[in-house]
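Numbering (UniProt numbering), first residue to last: 1 to 146.
Idealized CB from N, CA, C, for every residue including glycine.
Predicted, not measured: the structure shown is a model, and the values here were computed from it.
Each remark here refers to the structure printed beneath this line.
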Amino acid sequence: MTLLFLAHGDSAKSKSWEFRIGTLDKKHISIQAPPNSNSLNYNYKGFVSFVLLAICDANYKFIWIDVGDYGSNNDGGIWANSSFGQSLESGTADVPPPKLLPGTENRIPCALVGDEAFPLKSYLMRPYPRKSLNDSRRIFNYRNIK
């Protein structure tokens, strides 16, 4: 692969984005507690919020957002109930088809990259959980976020 990068003037980072749909994450947006609100608005950090779930591309542009879930909901649950998450799960999302891995005959699906709070799926990569890290998994996690 290194010779391929040198021959084309590419970097490992640019090659890794050939197989990414984007990077998925969520952010808690702090709000004033609505009148008569319940505990669903309180997140694990202890403040009242709603959740912004977003996918960004290699140029840091938002390519999809979902706003408004309760702050108490977890990443995986918010993702599973989102329109894009459901369309990926059902196979109806408009995403690039699998591509040939350079130098092989193997087709690799394009995937999102998320943190360990999201479920591992054929279309969603995540790091190995911290509690099960060995050296090779730690290196994978490090390279996966670059």
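Beta-carbon proximity check, residue i vs residue j, cutoff 7 Å
i: Gly-77; j: Asn-43; result: no
Residue environment, residue i, which counts as buried when at least 16 other CB atoms sit within 10 Å
i: Thr-104; result: exposed
i: Ala-12; result: Caution applies to Ala-12, whose pLDDT of 46 falls short of 50 and renders its modelled position unreliable; the model cannot decide the point.
i: Phe-69; result: It is worth fixing the name first, because residue 69 is Asp in this sequence and not Phe. Asp-69 is buried by the Cβ-count criterion.
i: Ser-37; result: exposed
i: Phe-118; result: buried
i: Leu-3; result: At Leu-3 the pLDDT is 42, less than 50, meaning the model places this residue with poor confidence; the figure from the coordinates comes in the next sentence. The residue is exposed, with fewer than 16 neighbouring Cβ atoms inside 10 Å.
i: Phe-84; result: buried
First and last residue of the uninterrupted alpha helix (DSSP H) at residue i
i: Gly-22; result: Where Gly-22 is concerned, there is no enclosing alpha helix (DSSP H), although the beta strand (DSSP E) it sits in stretches over 20-30.
i: Gly-114; result: No alpha helix (DSSP H) contains Gly-114, which DSSP labels as neither H nor E.
i: Asp-75; result: 75-81
Continuous beta strand (DSSP E) stretch holding residue i: start and end
i: Ser-49; result: 49-56
i: Phe-118; result: Looking at the DSSP string, Phe-118 is not in any beta strand (DSSP E), and its letter there is neither H nor E.
i: Asp-66; result: 62-70
C-alpha distance - residue i paired with residue j, whole-angstrom precision
i: Leu-88; j: Ser-30; result: 29 Å
i: Val-113; j: Arg-126; result: 6 Å
Cβ contact (3+ pairs, closer than 8 Å) linking the segment 19-37 and the segment 56-75: yes
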